[in-house]
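Under my numbering, the first residue of the sequence shown carries the number 16, and numbering increases by one thereafter.
Glycine included, C-beta positions come from ideal geometry on N, C-alpha and C.
Bear in mind that the values here come from a model prediction, so they are computed numbers and not experimental data.
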Amino acid sequence: MVENIRVTMKPDDGEIKVFISSRESTCSECGENLGSHAWITLAGDRGALCLTCADLDHLVFLPSGDAALTRRAKRNSRLCAVVLKWARTRKRYERQGLLVEEDALEQAETERLADAEIRQSRRLREAERRDGMDKEYVKEYGEHVRRCYPRLPSGLEVKIAEHACLKYSGRVGRSEGAKRFDEESITLAVVAHVRHTKTAHDDLLMRGIDRHDARRMVRDKIDQVLEQWRGTS
16 MVENIRVTMK PDDGEIKVFI SSRESTCSEC GENLGSHAWI TLAGDRGALC
66 LTCADLDHLV FLPSGDAALT RRAKRNSRLC AVVLKWARTR KRYERQGLLV
116 EEDALEQAET ERLADAEIRQ SRRLREAERR DGMDKEYVKE YGEHVRRCYP
166 RLPSGLEVKI AEHACLKYSG RVGRSEGAKR FDEESITLAV VAHVRHTKTA
216 HDDLLMRGID RHDARRMVRD KIDQVLEQWR GTS
């Protein structure tokens with residue numbers, strides 16, 4: 016739970032809100048114990064959701080501090096969410112930054128920074144990503160993805176595996192779903208990638224469409240892509 020506040024996925028101010036919890040949290044949809052300091056959304060009477068169940072775990076965190084970069088990243092991102100944390104001394108939630116699409120952040124950096132600064136910023140972000148991963152595990156996970164989806168575009172299995180295996184060390188991702196190599200777990204990871212990169216799902220969320228309705232609306236497109244990658248179409 017989050018202190019004395021009830022917020023829907025699409026509040027009246029038009030922003031999707033993500034809270035950094037100050038107490039133990041459990042996702043009301045998947046049942047995962049998220050621990051303390053979890054990144055969650057509140058879905059009205061449905062309670063707290065982890066970012067995976069809220070369809071937000073593919074986004075990257077852009078801390079507050081660079082107003083120009085934040086404006087550009089928000090403008091370029093189809094889907095974004097404001098990150099809030101409870102300030103005990105001030106008794107209120109304060110903005111920590113935004114969750115935005117990684118491509119949008121890279122485009123914003125390109126617009127904002129000189130070439131050398133861009134490369135350094137990206138190197139730091141990639142270092143963070145690698146620190147949160149077990150390289151051998153990512154490799155094995157990617158091999159399982161490729162076996163299940165032999166016609167997947169070259170190299171995409173690595174990207175899907177990296178995302179599925181991200182740890183919670185200050186990041187937005189969640190590694191619990193990547194602890195198994197069964198086909199169901201692999202399919203969930205691939206479906207999440209297709210949902211966010213090959214369909215209008217994120218645009219629908221930003222328009223205020225309920226995430227369950229948004230998922231239903233793009234299901235046929237997802238099935239079509241999966242059939243192609245399995246080699247069954």
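- Closest in alpha carbon position to Ser51, among Arg161, Leu64, Ile35, Ala176, is Ile35.
- The beta carbon of Asp70 sits closer than 6 Å to the beta carbons of Arg226 from its chain, once the five residues preceding and following it are set aside; these are given in chain order.
- Separation of Glu199 and Lys106 (C-alpha to C-alpha, rounded to the nearest whole angstrom) is 43 Å.
- Secondary structure note for Thr56: its beta strand (DSSP E) is the uninterrupted segment 54-57.
- The C-alpha of Ala63 lies about 12 Å from the C-alpha of Lys32.
- Cβ-Cβ distances below 8 Å link Arg61 to Ser43, Glu44 in the same chain, with the five nearest sequence neighbours on each side left out; the list follows chain order.
- With respect to the C-alpha of Gly112, the residue from Ser136, Leu74, Glu172, Thr41 having the closest C-alpha is Leu74.
- In the DSSP secondary-structure assignment, Thr41 is bridged to Asn48.
- Contact between the segment 91-100 and the segment 116-125 is established, with three or more Cβ pairs separated by less than 8 Å.
- Non-local beta-carbon contacts of Pro78 in its own chain, meaning distances under 7 Å to residues more than five positions away in sequence, involve Gln111, Gly112 in chain order.
- Spanning the alpha carbons of Tyr152 and Glu172 requires a straight line of approximately 13 Å.
- The C-alpha of Ala102 lies about 15 Å from the C-alpha of Ala53.
- Ile35: not part of any alpha helix (DSSP H); member of the beta strand (DSSP E) spanning 32-35, first to last residue.
- Shown here, Ala123 sits in a helix according to DSSP, grouped into three states.
- The three-state reading of DSSP puts Leu241 in helix, counting H, G and I together.
- Rounded to whole angstroms, the gap between the alpha carbons of Ala88 and Leu57 is 24 Å.
- In the structure shown, Gly170 falls within a coil segment according to DSSP collapsed to helix, strand and coil.
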